[in-house]
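Chains as they are written, first to last, in the working numbering: chain A, 88 to 566; chain B, 8 to 538.
If you want it as structure tokens, here you go:
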């Protein structure tokens with residue numbers, strides 16, 4: 088044993104090899120390098136790798152994170168990280184390939200264009216993921232303060248309502264000082280934490296007793312309230328933020344968790360009926376909802392207007408075909424104009440499907456399915472209900488969101504503007520989804536402390552107790 | 008710091024405390040009798056499986072969507088003229104040329120013209136067929152329909168698209184070889200002269216279009232010109248006589264008596280009339296008019312057989328409105344509409360140029376679309392709300408000429424790609440509209456209309472010298488003081504048809520005045536040229 092290892096042992100850290108993760112990361116590195124070479128070769132018409140600092144930085148970061156997991160000796164899932172890393176890497180590649188002026192931001196005196204900017208966000212996102220995975224050693228802080236989290240979520244929503252800026256027809260962006268972000272991304276995690284806490288505590292009752300209304304078995308009336316509140320929240324998001332995608336995501340995640348917690352199909356049917364009813368009312372009242380639906384049903388009615396974006400995406404699929412045009416050989420821009428509006432955010436899946444073809448796009452969908460499989464596995468083997476529901480919810484916010492936006496891109500469902508997790512351009516989305524994957528990793532580690540927390544010694548304990556006491560009072564007050 | 012029943016507020020607490028005692032950890036539930044509860048909550052892992060199943064279904068739907076757009080619909084999407092790839096490809100490969108049936112160039116690239124070469128159109132009269140390709144105004148005509156083949160986006164070899172990305176030159180432009188006879192096209196345009204109207208000539212046995220003229224038309228060379236193209240396009244768009252409208256395929260005209268052939272097809276086909284059908288009162292009604300629910304159907308005064316009721320042949324020869332009004336009422340609204348549909352009425356005719364649907368009636372009345380029997384009687388001889396395109400009427404003539412078999416009309420015979428591959432577009436039968444025998448009866452009647460003792464006084468000018476000729480003239484009354492449209496449909500030789508034709512001259516007066524002699528001349532000229 089080397090001296091370094093001995094030193095680590097002395098501070099209570101026992102490194103542990105993560106062989107499967109290493110092998111998979113090597114596969115990811117090979118795939119991304121091949122993609123990079125293909126891209127550069129197409130640009131210069133000869134086989135070359137070119138100036139690969141973007142790729143090198145990304146692969147270096149992956150290695151560092153892997154090393155971090157190894158050194159700290161975490162016994163976490165070994166597939167989630169490589170799967171996410173491939174998605175993040177594809178994101179860096181495609182952003183490097185798209186017109187660079189789609190997003191330009193000046194950070195610390197340096198002007199960054201789309202490619203480097205996205206690399207920065209991806210690295211920060213994976214940094215958050217690694218930090219969460221390594222540092223979170225207890226789930227008490229999530230479990231205990233569910234109403235506090237819910238209150239925080241509502242405050243966020245109110246802030247957006249009051250101070251949000253409208254981008255692309257939706258009120259999404261919140262700017263506080265130098266930081267601006269899209270709170271709806273954060274809200275989805277808060278929602279999952281609250282629902283996991285609430286359902287873990289009440290699922291026994293929700294599953295075993297009910298009030299009958301006609302053919303439907305409703306939850307006991309007092310328990311119906313939070314659900315109606317949930318439904319109202321989704322509606323409010325549509326009305327206030329005009330953010331159909333987020334509303335759809337929240338509602339689907341809510342219904343799924345409710346089903347997992349109770350296995351009562353009648354709740355799901357009821358929820359879907361409410362959804363249809365709400366949707367019908369919104370359709371009548373709001374022109375932007377009508378537009379979305381009408382464009383979905385037939386975009387060719389107004390090919391130069393409302394149908395333009397989706398028709399351009401369909402053209403991109405056609406150009407790609409089965410094998411794709413090859414990275415760099417597609418037509419994401421005509422002259423200086425992007426061929427699909429919002430190609431780097433809402434329509435990144437179409438851009439990837441054009442250049443990587445149906446096979447590549449299927450592989451991307453497959454990666455989300457892998458994430459789902461790992462997430463559900465973590466949930467199924469979780470120590471208790473809260474963790475199981477939390478892991479399920481966290482998995483769902485990633486894979487359901489991916490399904491909603493890909494479905495919108497493919498005209499399988501009406502288009503709603505949300506990001507493709509881990510791929511779309513955008514800081515909020517990458518940071519939050521990084522945290523989600525990080526939490527899943529932490530939950531997969533059997534060493535993470537199960538509740539209730541054991542006693543700890545010293546200052547930390549007393550401080551912790553004081554914070555917990557204050558938190559508990561707040562919690563009590565608002566519940 | 009566990010949650011206990013005592014700490015829960017409001018209704019939750021009451022319910023909870025009524026049901027179970029203090030509990031610390033939710034999963035460590037003691038089995039307590041609960042009113043109405045029969046089963047304990049299932050383990051989460053087992054419901055996860057069903058959720059996973061739902062997710063798999065969702066993702067399968069996405070995969071299906073991908074396959075649909077990237078495999079099933081890929082070619083159609085790639086070839087769509089609005090696809091930016093079409094624009095991009097145009098900059099990279101020289102566009103294919105367009106030739107007529109004997110190899111005369113109808114469209115080609117100017118030899119000098121920079122990276123994106125200008126198009127040149129040696130024959131302005133072919134504009135309604137060939138259209139134009141402009142970097143400013145996009146494409147029209149065959150230049151639009153076959154844009155993907157002309158630019159080489161769509162390969163003629165199946166499966167070639169898969170391999171395109173591995174080639175140095177990804178595009179493989181094709182030349183188009185048309186069935187169009189540019190000499191006939193020029194002759195037809197010259198015959199129309201300054202008058203508005205259209206001529207469509209087809210080969211009845213194949214449906215190949217020999218001439219398709221629309222007047223007035225535009226000069227595609229001036230549209231694609233870098234200098235003044237925009238100004239020229241603006242004047243075209245503003246002109247009242249709509250030179251950009253292809254009258255041959257999209258112009259909707261009152262058909263007048265040429266529609267009687269459609270009524271005859273419906274009558275004989277449905278069995279409502281026979282060649283021997285006569286209407287007892289018809290000779291009297293020739294004087295007084297035929298009264299249908301208060302409306303009097305009249306015949307033009309002309310020399311006709313007065314001594315006996317007309318049969319089908321005689322009625323067609325002298326173009327009796329009264330006889331066909333009777334026949335139309337016998338055929339009935341539903342039969343007339345459905346038999347016309349067999350000929351292509353009621354829908355856009357599938358063709359390589361945009362078409363408008365022809366109609367027998369507006370379709371909003373209670374009588375299978377007709378308002379009443381008056382409209383039906385009038386439609387039966389081509390008035391009322393009947394509206395047809397010249398292409399549709401050429402197909403009607405072609406169907407009779409081709410023993411009742413309707414062929415799909417087509418313009419392009421062959422595509423030849425730059426890599427040497429050739430794709431032939433074979434003629435396609437559309438529908439056996441009626442049996443050959445019945446088509447022969449109508450054909451005989453049409454021959455009488457041109458060559459018979461009474462018929463030739465009116466439509467004799469359509470006769471091709473030395474060749475048996477069949478035809479039907481028409482005078483489309485427009486109401487008011489407007490001069491009627493002059494119509495002719497016909498084919499020749501009547502015993503072995505080589506050409507079927509439809510001619511309309513707007514405001515050309517009675518059929519005999521303009522359309523009939525034009526039809527005769529053009530058929531004669533064409534038959535001379537192929538002999």
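By construction, the Cβ of each residue, glycine as well, lies at the ideal position given by its N, Cα and C atoms. Given the structure is predicted, the values throughout are model-derived calculations rather than measurements.
Asked	Found
Run down chain B in chain order and give the residues with a C-beta less than 8 Å from the C-beta of residue 346(A).	54, 57 and 58
Mind checking if residue 154(B) is an interface residue toward chain A, Cβ cutoff 8 Å exclusive?	no
In the segment 395-409 of chain A, which residues sit with their C-beta less than 7 Å from some C-beta in chain B, listed in chain order?	401, 402, 404, 405, 406, 407, 408 and 409
Which residue comes first and which comes last in the beta strand (DSSP E) that contains residue 277(B)?	Residue 277(B) -> not in any beta strand (DSSP E); alpha helix (DSSP H) instead, spanning 267-277.
Going by other Cβ atoms of all chains shown within 10 Å of its Cβ, with 16 needed for buried, is residue 171(A) buried or exposed?	buried
Kindly indicate which residue of 67(B), 254(B), 227(B) and 478(B) has the alpha-carbon position closest to the one of residue 5(B).	Residue 5(B) lies beyond the residue range present for chain B, which begins at 8 and ends at 538; the question has no answer from this structure.
Any contact of the segment 504-513 of chain A with the segment 479-490 of chain A, i.e. 3+ C-beta pairs under 8 Å?	yes
Is residue 270(A) helix, strand or coil when you go by DSSP?	helix
Pull the bridge partners of residue 208(A) from the DSSP assignment, please.	Paired residue(s): none; residue 208(A) is not in a bridge.
If you draw a straight line from the C-alpha of residue 401(A) to the C-alpha of residue 95(B), how long is it?	17 Å
Could you spell out where the beta strand (DSSP E) holding residue 248(A) opens and where it closes?	Careful: residue 248(A) lies outside any beta strand (DSSP E), inside the alpha helix (DSSP H) at 233-250.
Name the chain A residues that come within less than 7 Å of residue 69(B), Cβ to Cβ?	452, 490, 493, 494, 497 and 499
Can you find the residues in the same chain that come closer than 8 Å, C-beta to C-beta, to residue 494(A), ignoring five residues on each side of it along the sequence?	500
Could you check the C-alpha separation between residue 84(B) and residue 398(A) for me, to the nearest Å?	9 Å
Of all the CB atoms in chain A, is at least one closer than 8 Å to the CB of residue 29(B)?	A caution first: residue 29(B) carries a pLDDT of 38, below 50, which makes its placement in the model unreliable, though a value can still be read off. No - not a single Cβ of chain A is within 8 Å of the one on residue 29(B).
Which residue from 153(B), 493(B), 365(B) and 509(B) puts its Cα closest to that of residue 499(B)?	509(B)
Quick one: measure Cβ to Cβ for residue 282(B) and residue 320(B), integer angstroms, because I've assumed they're closer than 8 Å.	7 Å
I'd like to know whether the C-beta of residue 186(A) is nearer than 8 Å to at least one C-beta of chain B.	no
Could one say the Cβ of residue 95(A) lies closer than 8 Å to chain B's Cβ atoms, at least one of them?	no
When you compare only the Cα positions, how much space is there between residue 280(A) and residue 178(A)?	28 Å
So residue 160(B) and residue 105(B) are supposed to be a Cβ contact under 8 Å. How far apart are they, rounded?	With 8 Å as the limit, residue 160(B) and residue 105(B) do not qualify as a contact, their Cβ atoms being about 17 Å apart.
Between 135(B), 307(B) and 235(B), which lies nearest to residue 222(B) when the distance is taken from Cα to Cα?	135(B)
Can you give the beta carbon distance from residue 309(B) to residue 495(B), rounded, assuming they're within the 8 Å contact cut?	Not a contact, Cβ separation roughly 17 Å.
Between the beta-carbon of residue 218(B) and the beta-carbon of residue 197(B), is there less than 8 Å?	no
Using a Cβ-Cβ cut-off of less than 8 Å, list which residues of the segment 177-201 of chain B approach chain A; keep chain order.	none
With a cut-off of 8 Å, does the C-beta of residue 484(A) fall near any C-beta of chain B?	no
Are the beta-carbon atoms of residue 522(B) and residue 511(B) separated by less than 8 Å?	yes
Does the distance from the CB of residue 332(B) to the CB of residue 304(B) come in under 8 Å?	yes
Check whether chain A comes within 8 Å of residue 74(B), counting only Cβ atoms and requiring the distance to be less than that.	yes
Select from 443(B), 469(B) and 444(B) the residue whose C-alpha is nearest the C-alpha of residue 455(B).	469(B)
By the 10 Å Cβ neighbour count, where 16 or more other Cβ atoms means buried, how is residue 560(A) classified, buried or exposed?	exposed
On the three-state DSSP scale, how would you describe residue 421(B)?	strand
Can you list, in chain order, the stretches of the beta strand (DSSP E) that have 3 or more residues and sit fully within the segment 311-347 of chain A?	none
Going along the chain, which residues of its own chain have a beta-carbon closer than 6 Å to the beta-carbon of residue 490(B), five neighbours each way excluded?	514 and 516
Please list the segments of the alpha helix (DSSP H) lying wholly inside the segment 397-458 of chain B, counting only runs of 4 or more residues, in order along the chain.	397-408 and 443-458
Taking only beta-carbon positions, decide if residue 128(A) is within less than 8 Å of chain B.	no
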